[in-house]
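All remarks here apply to the structure that follows.
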Amino acid sequence: AQSVTQLDSHVSVSEGTPVLLRCNYSSSYSPSLFWYVQHPNKGLQLLLKYTSAATLVKGINGFEAEFKKSETSFHLTKPSAHMSDAAEYFCVVSRIQGAQKLVFGQGTRLTINP
Amino acid sequence: DTEVTQTPKHLVMGMTNKKSLKCEQHMGHRAMYWYKQKAKKPPELMFVYSYEKLSINESVPSRFSPECPNSSLLNLHLHALQPEDSALYLCASSQVGGTGEQYFGPGTRLTVT
């Protein structure tokens, strides 16, 4: 069975400082891993995906994530936070080969302080 | 084009009404999904269509009735809903097989009075 744990329900950073959102996963198979972002009252937008190619994955808006199999982690980072980054972030796992069920973490709310 | 569209954006309905939510994608995806999302929670899967056939029903009450008229369209028919059904309803699409990422629409905010 697969599961995802987002280690922080809320992260608050100052504008211009680094962002770290932590995610651990559990999977019996080689997983696909994703980060999605959701702004208030909006749909989910795919930020980036890991699918067994490079372990360091670059996404949109300056975000990147590193897949560490030994630590079963897939943390999301950004060097410098912007006010527009304030949103809910979901770490998601899917079985590779495109299983049609995604397993969502509980989400991390990112707040950016001016 | 990586866009999934949903209509309407907002819907208020009484418990005796019948209404429908609509979803459309033109990415050539052959899998489409309905999710329900309550405030401050992740989305919960309701239904999956693969090649226009219902492949997964997550034990959703029969007052929700999905329909996939063709490979680009997905509907969710609503009847006799309860106030606890108020939520954001999200549609998504993906390739069948592949790497599994799904593309989401902006959602319909449903309020049941």
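For the protein sequence lines, the chains are A and B, in the order given. Position 23, counted from 1, in the first sequence is what our numbering calls 23; the numbers after and before it change by one each time, with no gaps. Position 59, counted from 1, in the second sequence is what our numbering calls 1059; the numbers after and before it change by one each time, with no gaps. Backbone N, C-alpha and C fix where the C-beta goes; we use that ideal spot for every residue, glycine too. Since we're looking at a predicted model, the values are computed, not measured.
- At least one C-beta of chain B is nearer than 8 angstroms to the C-beta of Lys49(A).
- Secondary structure of Asn41(A) (DSSP, three-state): coil.
- Assignment of Pro1083(B) by DSSP, reduced to helix, strand and coil, places it in the helix class.
- With a threshold of 8 angstroms between beta carbons, Asn41(A) makes contact with chain B.
- Residues of the stretch 1026–1042 of chain B that bring their beta carbon within less than 8 angstroms of a beta carbon in chain A comprise Ala1031, Tyr1033, Lys1040, Lys1041 and Pro1042, in sequence order.
- Closer than 8 angstroms to the CB of Ser30(A) there is not a single CB belonging to chain B.
- In this structure Leu20(A) is exposed. Its beta-carbon is surrounded by fewer than 16 other beta-carbon atoms within 10 angstroms.
- With contacts defined by Cβ atoms closer than 8 angstroms, Ala87(A) and Thr77(A) do not form a contacting pair.
- Within chain B, the residues whose beta carbon sits less than 9 angstroms from that of Ser94(A) are Thr1099, Gly1100, Glu1101 and Gln1102, listed in sequence order.
- If you look at Met1046(B), you'll find it in the beta strand (DSSP E) that goes Glu1044 to Ser1050.
- Using a Cβ distance threshold of 8 angstroms, Leu1110(B) and Ser1086(B) count as a contacting pair.
- About 10 angstroms separates the Cβ atoms of Phe90(A) and Gln45(A), ruling out a contact at the 8 angstroms cut-off.
- Taking 8 angstroms as the cut-off, the beta carbon of Gly43(A) is found no closer than this to the beta carbon of Phe1047(B).
- CA-to-CA, the gap between Leu1045(B) and Thr1108(B) works out to about 15 angstroms.
- For Phe1064(B), the enclosing beta strand (DSSP E) has its first and last residue at Phe1064 to Asn1070.
- An exposed status is given to Gly1028(B), since fewer than 16 other beta-carbon atoms sit within 10 Å of its beta-carbon.
- In terms of Cα proximity to Glu15(A), the closest of Tyr50(A), Glu71(A), Gln6(A) and Asp85(A) is Asp85(A).
- In the DSSP annotation of this structure, the continuous segment of the beta strand (DSSP E) that includes Ile1056(B) starts and ends at Lys1053 to Asn1057.
- With contacts defined by Cβ atoms closer than 8 angstroms, Gln1082(B) and Ala1092(B) do not form a contacting pair.
- When the Cα atoms are used, Ser1020(B) and Lys68(A) turn out to be separated by approximately 44 angstroms.
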